[in-house]
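Position 6 (the sequence shown) corresponds to 7 in the working numbering; numbering is contiguous.
Quick reminder that beta carbons are idealized off the backbone N, C-alpha and C, glycines included.
So the structure is just underneath, and the comments pick up after that.
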Amino acid sequence: MAVRLRELIRAVRACKTAAEERDVIAKESAALREAFREQDPRYRHRNIAKLMYIHMLGYPTHFGQMETLKLIAANGFPEKRIGYLGLMLLLDERQEVLMLVTNSVKMDLNNHKNQFIVGLALAALGNICSAGGAIPRHLSLPAKQHAAFSSSGEVPVALTQH
């Protein structure tokens with residue numbers, strides 16, 4: 002079983018040499034790979050949080066990209082929050098797996114029940130998109146509609162006439 006994030010941070014900080022740190026990260030990365038193979042959704046968000054920490058230290062984390070996308074597709078807000086954070090940190094617009102997340106992002110942008118989930122999707126789009134990026138155009142209209150709401154909550158007429 003992998004250690005908790007707090008314990009991983011303590012172990013990395015306690016390392017005296019770079020080789021020691023690499024050893025701690027290699028062991029934890031192996032434990033994360035094993036946890037991802039087991040397909041246990043209970044600890045997926047914790048494992049992605051550890052993966053983001055490992056990424057911030059500069060180590061490769063490509064093996065967790067699909068798990069990030071699974072969190073985004075989950076129903077709960079805590080899972081989506083970590084999933085979108087992982088999307089923004091671990092992936093960029095050059096990643097091919099990014100095309101797999103577009104349907105989940107579109108559904109989250111059209112989620113009228115939870116404004117926080119809509120906010121997560123908008124923040125992720127703003128972080129990973131660029132003018133010539135690979136994000137499909139069908140995500141631009143829902144994003145524009147959310148960005149253009151007035152204080153009364155009405156969509157401007159110019160955006161509804163597409």
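According to DSSP, is residue i part of a helix, a strand, or is it coil?
{"i": "K114", "result": "coil"}
{"i": "A159", "result": "Confidence is the limiting factor: at A159 the pLDDT is only 39, short of 50, which leaves the residue's position unreliable and the question unanswerable from this model."}
{"i": "K71", "result": "helix"}
{"i": "R38", "result": "helix"}
{"i": "V119", "result": "helix"}
{"i": "F64", "result": "helix"}
{"i": "G77", "result": "coil"}
{"i": "R5", "result": "coil"}
How long is the line joining the alpha carbons of residue i and residue j, rounded to whole angstroms?
{"i": "R95", "j": "C130", "result": "10 angstroms"}
{"i": "A74", "j": "S105", "result": "6 angstroms"}
{"i": "V156", "j": "E39", "result": "Note on V156: pLDDT 45, under 50, position unreliable in the model; the coordinate value appears next. So the alpha carbons of these two residues sit roughly 45 angstroms apart."}
{"i": "N76", "j": "K17", "result": "42 angstroms"}
Starting from residue i, follow the alpha helix (DSSP H) in both directions and report where the run begins and ends.
{"i": "K17", "result": "Careful: K17 lies outside any alpha helix (DSSP H) and carries neither H nor E."}
{"i": "R47", "result": "45–57"}
Checklist entry - Would you call the stretch 17–35 and the stretch 76–95 in contact, with 3 or more CB pairs under 8 angstroms? => result no
Item to check | Every unbroken alpha helix (DSSP H) inside the stretch 80–111 [4 residues or more] | outcome: 103–110
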